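Under the numbering used here, the first residue of the sequence shown is numbered 949, with each subsequent residue one higher.
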Amino acid sequence: MWRVAARRTGNTARPGAGALFTTRPGEKPDLKACHLICSALFALVALTASATERYTFKVLEKKPQSRSHFVQGLQIVDGMLFVGTGGYGQSRLLQYRFTDGELLAEQRLHPRLFGEGITVLGEHIYQLTWRARRLLVYRRADLQPVVALSIPGQGWGLTHNGSQLIYSDGSHRLYFLDPDTAQRQRTVAVLEDGMPVARLNELEWIDGAVWANVWQEDRIVIIDPATGEVTGSIDLQGLLPLPEREPSTDVLNGIAVNPEDGGIWVTGKNWPWMYRIEVRPATAAGSVSR
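What follows is the structure in structure tokens.
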């Protein structure tokens, strides 16, 4: 049985005990000291509240890419580059040889399907659709369709952790799926300094973390898959120079890591290039190296 502590009566505490600022009767408080201490406390809280590391980039290399590719998914596996594109009547799954860019295979989606993120797991390639609530599964060997699995909502970005598929739906959540059935096994909310990060788009699994494009922002967030906490933010403003942008040029979207050398490649929708970048801590001036 819980024991309830007896309530104390009377004022037995000495005057001023526990107070941050104390004054004697008739004295005015030192407002300047109060202001300085409060400012220091607020600065300390702000410093400790932010757990997000800030990064910028340096371009190391670039490869040409078709401007017709409305890129929704990107992955490099065993010397092959797999690209998923979107758009009604234009969505495709493509396989290129990564070294020289030769197109080796292509699968067109039904005109009513809008292709989204892709990932390669084992002997299969998975491709999300936007609003059709379907997860398309192909044979990796020849891109032939195997099955279409059901998902409960929209599909945006897709990756895997080796045993589970991980996808986004445009919200601030990541969903972990059984790759055989597409059944949800776990969900995490993605937060940056305590605030939800919505519009999570194309995904990639890199060094035990989920990297995600944020739709309509020139940045990638690095997410702890266990907690959903954003541990890093990469500012990619200026990656595609203004002179190379055309009316059809759309947002940053597409992340791939080359398992052979660890190179990180990024691109965008209807961009002319894929860029290999080095991620580096942001300087005080936030400079970008090219």
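Here a beta-carbon is modelled for each residue, glycine too, at the ideal position from N, C-alpha and C.
Note that this is a predicted model, so its numbers are computed, not measured.
**Opposing strand residues paired with V1085 [DSSP bridges]** = Within the sequence shown, numbered from 1, the residue matching residue 1085 stands at position 137. Beta-bridge pairing links V1085 to Y1074 and V1095.
**Request:** Following the continuous beta strand (DSSP E) through T1129, name the residue where it begins and the one where it ends.
**Result:** Locating residue 1129 in the sequence shown gives position 181, where the first residue counts as 1. Here T1129 belongs to no beta strand (DSSP E), and DSSP marks it neither H nor E.
**Message:** Checking the sheet assignment: what are the DSSP bridge partners for H1108?
**Reply:** Numbered from its first residue, the sequence shown carries residue 1108 at position 160. Its beta-bridge partners are L1113.
**Request:** With a 10 Å radius around its C-beta and 16 neighbouring C-beta atoms as the bar for buried, classify V1318 as buried or exposed.
**Result:** Absent from the model: residue 1318. The displayed extent of the chain is 949 to 1238, so no value can be given.
**Message:** Can you tell me which residues form a DSSP beta bridge with A1139?
**Reply:** Taking the sequence shown and counting its residues from 1, the one referred to as residue 1139 is at position 191. A quick correction: the sequence has Leu, not Ala, at residue 1139. Per DSSP, P1144 and E1177.
**Request:** Whole angstroms is fine: what's the gap from P1207's alpha carbon to P1191's?
**Result:** Residue numbering aside, residue 1207 sits at position 259 when the sequence shown is read from its first letter. Residue numbering aside, residue 1191 sits at position 243 when the sequence shown is read from its first letter. For P1207 and P1191, the distance between alpha carbons rounds to 32 Å.
**Message:** In the DSSP output, which residue or residues are listed as bridge partners for Y1044?
**Reply:** Translated into positions along the sequence shown, residue 1044 becomes position 96. Paired residues: L1029 and L1051.
**Item:** Proximal residues to G1027 (C-beta, below 6 Å), its chain only, five neighbours per side dropped
**Value:** By 1-based counting over the sequence shown, the position of residue 1027 is 79. For G1027, where only same-chain residues beyond five positions count, the Cβ hits under 6 Å are F1046.
**Item:** Stretch pair the segment 1200-1217 + the segment 1139-1147: three plus CB contacts closer than 8 Å
**Value:** Too few Cβ pairs lie closer than 8 Å, so no.
**Message:** Strictly by DSSP, which residues pair up with E1152?
**Reply:** Numbered from 1 along the sequence shown, position 204 holds the residue referred to as residue 1152. Answer by DSSP bridge pairing, in chain order: W1159.
**Inter-stretch contact (C-beta, 8 Å, three-pair minimum) for the segment 1005-1017 and the segment 1053-1065** = no
**Message:** Taking a contact to mean a Cβ-Cβ separation below 8 Å, would you say R1228 touches E1009 in this structure?
**Reply:** In the sequence shown, counting from the first residue as 1, residue 1228 sits at position 280. In the sequence shown, counting from the first residue as 1, residue 1009 sits at position 61. No. Outside cutoff.
**Request:** Pull up the DSSP beta-bridge partners for Y1223, would you.
**Result:** As a working mapping, residue 1223 is identified with position 275 in the sequence shown. Bridge partners of Y1223: K1010 and V1214.
**Asked** According to the Cβ coordinates, are W1159 and L1151 closer than 8 Å?
**Response** Stepping through the sequence shown from its first residue, residue 1159 is reached at position 211. Stepping through the sequence shown from its first residue, residue 1151 is reached at position 203. Taking 8 Å as the Cβ cut-off, W1159 and L1151 qualify as a contacting pair.
**Prompt:** F1005: beta carbon under 7 Å from a heavy atom of the ligand ADP?
**Reply:** Summarising the ligand content, the structure contains no ligands, and the ligand ADP is consequently not present.
**Cβ separation of T1107 and V1136, assumed to be a contact under 8 Å, to the nearest whole Å** = Translated into positions along the sequence shown, residue 1107 becomes position 159. Translated into positions along the sequence shown, residue 1136 becomes position 188. That pair is no contact at about 14 Å.
**Asked** With which residues is E1001 paired in a DSSP beta bridge?
**Response** By one-based count along the sequence shown, residue 1001 stands at place 53. Partner(s): G1180.
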